[in-house]
Each structure stands twice: as C-alpha cells, then as structure tokens.
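Undergrad:
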Amino acid sequence: MSTFTQTHKEEIVRILAGYPADQKRAAVMPLLHLAQQDAGYISGEVLQEIAVICEVTSTEVASIVGFYTMFHDEPAGKIRLMVCTDVACRLRGAREYLTALCSELGIAPGQTTADGLVTIEEVKCIAACDHAPVFQSQMGDEVEYHENQNPARTLDWIRLMTASLKSSQEARHE
Ligand code: FES
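According to our numbering, the residues represented by the sequence shown are 25 to 198, in order.
1) Just grab the DSSP bridge partners of L105 for me.
2) If you measure from the CB of C153, is any heavy atom of the ligand FES nearer than 7 Å?
3) Apply the 10 Å Cβ neighbour rule to E120 and answer buried if 16 or more other Cβ atoms are within range, or exposed otherwise.
4) If you measure between the beta carbons of H32 and Q60, is that distance less than 8 Å?
5) Would you tell me roughly how many angstroms separate the C-alpha atoms of E168 and I103, rounded to the nearest one?
6) Going by C-alpha distance, which of F159, D180, L179 and R177 is nearest H199?
7) Would the beta-carbon of V158 be found less than 7 Å away from any heavy atom of the ligand FES?
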C-alpha cells in the first residue's frame, strides 16, 4: 500500500461511500482535493494511486488535473499567484503588469521566489476581464480574486501574506 492510500485510509473510505460502488470514478475530484492538501500538488505517484482507487486510467485522472487550473502537477510556493494574460487583460496592460511584478520579485513567470513562498503563473481567462489586471491567489484550498491590480498593490499584498506565513511558521517552531 502506498503513501497517499495509507495516510488517508479512512478519508478515502468516507469519500468512496458517497458514491455507488460501480461509480467510483465520481470520487476522482474529491480525492484530488484531498491529495493536493498534502503537498500543494498532485505527484505522478499519487495520480496513479487515485486512478487505481477510482478504477479509471491514470490518463483520465491526468486529464482532470490538466483541465482544472486549481489542480497542479508541479510543486510550487505556498502562495500561487495566477495572473491572467489573455487577450482582454492584455489590452488593459496585463503583460506589462506581469513583467514588472516578476522583475520586482526576481523571477520569471512559472518560477518561485528564493524563499520558496511565492510562485507566479500565467493563466488564461479567469472571468474578471473588465477589472484587469487581475490575479487569482491560491493558498492551500483558499482561493481569492484580486482585481484592478498594479505591481505596487500586488507587492503590498504579497508582503502581508508572506509575513503572516513566516510568523505562523515561527509560532509552530516555538
Ligand atoms: S481575459 Fe483576463 S480575466 Fe478574462
């Protein structure tokens, strides 16, 4: 038995109990949510475990992870910032905003800051086109929209969030 299955034995049984025995595939999404809480992303190994549990192929599970922007198949910082650079946002300066933000943080889109706390990702439309530049933040299961952004405003928010993360990490070590 592997790690995800062992660690979450009871939770997996509880989730599967919510669906008919011949419809285990319906449990893929809740199991992905559960798995992502552990490491912030779905590893290939965990993806295969979920496929076995739900009696589907790992390709089917991978396609769900790939389709939903809230699921991730790569490790990242504790805070993910997903900046929309799709056409409508581009017309409102999203590209320049992203470039300036990344430059301030010393990273490129898709990278994580040296302290391992913040990852900036470029995404397609997140349905807030008329309030661009916009980004969606994800910290664990917590998702927020941030509209009408500029680099200074976003950096203030990042400072606030990283300070709060650092102080809770310190409190845990005391
Ligand atoms: S194009 Fe950016 S939110 Fe729609």
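Ideal Cβ placement from N, Cα and C applies to all residues, glycine included.
TA: Quick look at the numbers:
1) I144 and S161
2) yes
3) exposed
4) no
5) 11 Å
6) Past the boundaries of the shown model lies residue 199; the chain is included only from 25 to 198, so the question cannot be answered.
7) yes
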